[in-house]
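Under the numbering used here, think of the first position of the sequence shown as 1468, with each following residue one higher. Report on one structure; see the data block that follows.
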Amino acid sequence: MSNEFVLPNFFTVFPASRAVDDFPPIANHIHQGHRVPDYRLGWVVTVTEAEELLEPAPEGREAINYYRYDILPPRWGTTEAKSDLQPPDLMLWSYETGRESHHKNEAYLLFYVAQNSTEDLKMVKEHKEELITRSIEALGLTSERQEKVKWYRLK
């Protein structure tokens, strides 16, 4: 008998994406022998899809900052609030998504509403439906996208 300890495969323990109710462990903790990577809960869209949903950024403006500061906060403010939640944030997305893409050469954005921190995991558990519903409304997503929200691994 061998006393050799074998770690489970990192990518098996931490898949590229997880279902909304498959909460990842807290980032940077050790889980099954590996340091837990960062995850974000949200939707991955192409830049073209983002422009169709939100509008193109004005000439000379960086799209991410334009959406983050000028578009999403006012849209979020018009959604029906039951609690004090923050609007979605976004980032460039260059990681595996686990989805089929018809836009292989296009840049992607991740609109996210939470990360795998203690505070955010608690917030999502307590306010998941409101968070997702308000985000879909603020982003202009179709209701079918509600089922497409996932936890995406950052590395």
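C-beta atoms are modelled at their ideal positions from N, C-alpha and C, and glycine is treated no differently.
Distance between residue j and residue i (C-alpha atoms, nearest Å)
i: T1545; j: G1509; result: 20 Å
i: I1531; j: A1581; result: 17 Å
i: E1547; j: I1599; result: 12 Å
i: Y1533; j: R1507; result: 21 Å
i: P1525; j: V1512; result: 19 Å
i: P1504; j: E1596; result: 25 Å
i: T1609; j: S1602; result: 11 Å
i: Y1575; j: E1518; result: 11 Å
i: D1551; j: V1473; result: 45 Å
i: Y1562; j: E1522; result: 24 Å
i: H1498; j: P1492; result: 7 Å
i: R1612; j: R1502; result: 31 Å
i: F1478; j: A1486; result: 15 Å
Residue environment, residue i, which counts as buried when at least 16 other CB atoms sit within 10 Å
i: R1528; result: exposed
i: I1538; result: buried
i: L1559; result: exposed
i: A1605; result: buried
i: D1671; result: In this structure the chain extends from 1468 to 1622, so residue 1671 is not present and cannot be described.
i: P1540; result: exposed
i: Y1619; result: buried
Backbone secondary structure at residue i - three-state DSSP
i: S1602; result: helix
i: I1497; result: strand
i: A1486; result: strand
i: V1616; result: coil
i: L1608; result: coil
i: L1559; result: strand
i: V1473; result: coil
Closest by C-alpha distance to residue i, when choosing among the options
i: Y1579; options: S1610, K1615, K1549; result: K1615
i: M1590; options: L1474, F1490, R1485, P1482; result: F1490
i: A1494; options: K1549, A1486, F1481; result: F1481
i: G1500; options: R1612, R1542, D1556, N1476; result: N1476
i: H1496; options: R1612, N1583, E1593; result: N1583
Range covered by the beta strand (DSSP E) that runs through residue i
i: L1577; result: 1575–1582
i: L1521; result: It is not in any beta strand (DSSP E) - L1521 instead sits in the alpha helix (DSSP H) that spans 1514–1521.
i: L1505; result: It should be pointed out that residue 1505 corresponds to Asp in this sequence rather than to Leu. Counting along the chain, D1505 falls outside any beta strand (DSSP E), and DSSP gives it neither H nor E.
Span of the alpha helix (DSSP H), counted from its first residue to its last, around residue i
i: G1544; result: 1539–1544
i: F1477; result: 1477–1480
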